[in-house]
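*Asks:* Numbering (this note's numbering), first residue to last: 9 to 210. Backbone N, C-alpha and C fix where the C-beta goes; we use that ideal spot for every residue, glycine too. Since this is a predicted model, take the numbers as computed values, not measurements.
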Amino acid sequence: NGGAARATIAGDDGDTVSIYTSVPLEPNECGLGWFQARIRSSIITAQSIFVGLTDTVTDSVTIENEDGALATVPTDAFGLLIGGEATETGNVWNTMGVGNDVDDTLRASTTPAISMVANTWTTIAIEFDQNGNNGDTVVRYRCYIDGVKVVTAGTDALGWTTSVARSSIPYYGVVTFDDRNTAYTGDVYETYLKGAVGTVAD
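Set out below in structure tokens:
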């Protein structure tokens, strides 16, 4: 598989594989943070993939949208979700987050409008900060897919999405492949998490 980490999903609607970065970052401490992952999937019609930041490290679903039933397993998380079976949002990337077990609104990407291409590498980058929120009650994040800024009904003019995910929580970068009754493989070529872009004194 060319040096990538491969998740082999059996297709019995019971498999989940999550790959995490090794060190977490706290948005209200690290200034501007950056998470990047390069992934691919062998199919684009029945996969479920979440790429983002999470406070929970476990080999289980991070965030999923199975036939319209949204499930957010971590207490706090934010990022991008794609699900081939999510008929109401289509096979496109969606911004999604959760904060203190309260879900954000799922927002489908209008730019870029295309989904993943099977067996083709996709680079996802997410930058994030607390946006001066002294209560540490929100995280602001901006997503890029293959260098194209993600635009949804919930992004501002600069592409930022505000999530109820708390900025005082340490987050790990994560890529999660979830089962959707169809066997497939998901590959991760890189995961990269960096903070301290700027200086924060606590």
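Given a cut-off of 8 angstroms on the beta-carbon distance, is the pair serine 50 and threonine 193 in contact?
*Replies:* Their beta carbons are under 8 angstroms apart, which means serine 50 touches threonine 193 by this criterion.
*Asks:* For the segment 31-55, which segments carrying the alpha helix (DSSP H) assignment without a break, of at least 4 residues, lie completely within its bounds, in sequence order?
*Replies:* Fully enclosed alpha helix (DSSP H) runs of 4 or longer: 35-38.
*Asks:* With a CB to CB cut of under 8 angstroms and the five nearest residues on each side skipped, what residues in its chain are close to threonine 130?
*Replies:* Arg46, Ile47, Arg48, Met124, Ile153, Asp154, listed in sequence order.
*Asks:* Closest to glycine 22 by C-alpha separation, out of Asp63, Asp67, Glu37, would be which residue?
*Replies:* Comparing Cα positions, the closest option is Asp67.
*Asks:* Going by CA-CA distance only, name the one from Ile134, Thr160, Asp20 that's closest to tyrosine 180.
*Replies:* The shortest C-alpha separation from tyrosine 180 is found at Ile134.
*Asks:* Grouping DSSP H, G and I as helix and E and B as strand, with all else coil, what is methionine 124?
*Replies:* Residue state, collapsed to three classes: coil.
*Asks:* Is alanine 13 closer than 8 angstroms to aspartate 164 when the C-beta atoms are compared?
*Replies:* Their beta carbons are not under 8 angstroms apart, which means aspartate 164 does not touch alanine 13 by this criterion.
*Asks:* In chain order, what residues of the same chain have a beta carbon less than 6 angstroms from the beta carbon of alanine 161, not counting five sequence neighbours either side?
*Replies:* Correct list, in chain order: Arg115.
*Asks:* What did DSSP end up calling glycine 76 once you bin it into helix, strand or coil?
*Replies:* In the structure shown, glycine 76 sits in coil (DSSP, three-state: anything other than H, G, I, E or B).
*Asks:* In whole angstroms, what is the alpha-carbon distance linking arginine 188 and glycine 140?
*Replies:* Each residue's Cα considered, the two are about 39 angstroms apart.
*Asks:* Could you check which residue in Asn73, Gly39, Thr119 has the C-alpha nearest to that of threonine 184?
*Replies:* The shortest Cα separation from threonine 184 among Asn73, Gly39, Thr119 belongs to Asn73.
*Asks:* Is the segment 105-121 in contact with the segment 26-46, if contact means three or more CB pairs nearer than 8 angstroms?
*Replies:* These segments do not touch.
*Asks:* How many Å lie between valine 159 and aspartate 20 at the Cα?
*Replies:* Approximately 34 angstroms between the Cα atoms of the pair.
*Asks:* Name, in chain order, the residues that DSSP records as bridge partners for arginine 115.
*Replies:* Looking at the DSSP assignment, arginine 115 forms a beta bridge with Thr103.
*Asks:* Whose CA, out of Thr190, Thr145, Ala173, lies closest to the CA of glycine 87?
*Replies:* Of the candidates Thr190, Thr145, Ala173, the one whose C-alpha sits nearest the C-alpha of glycine 87 is Ala173.
*Asks:* With DSSP run on the structure shown, which of helix, strand or coil describes valine 219?
*Replies:* Outside the displayed range of the chain (9 to 210) lies residue 219, so it cannot be described from this structure.
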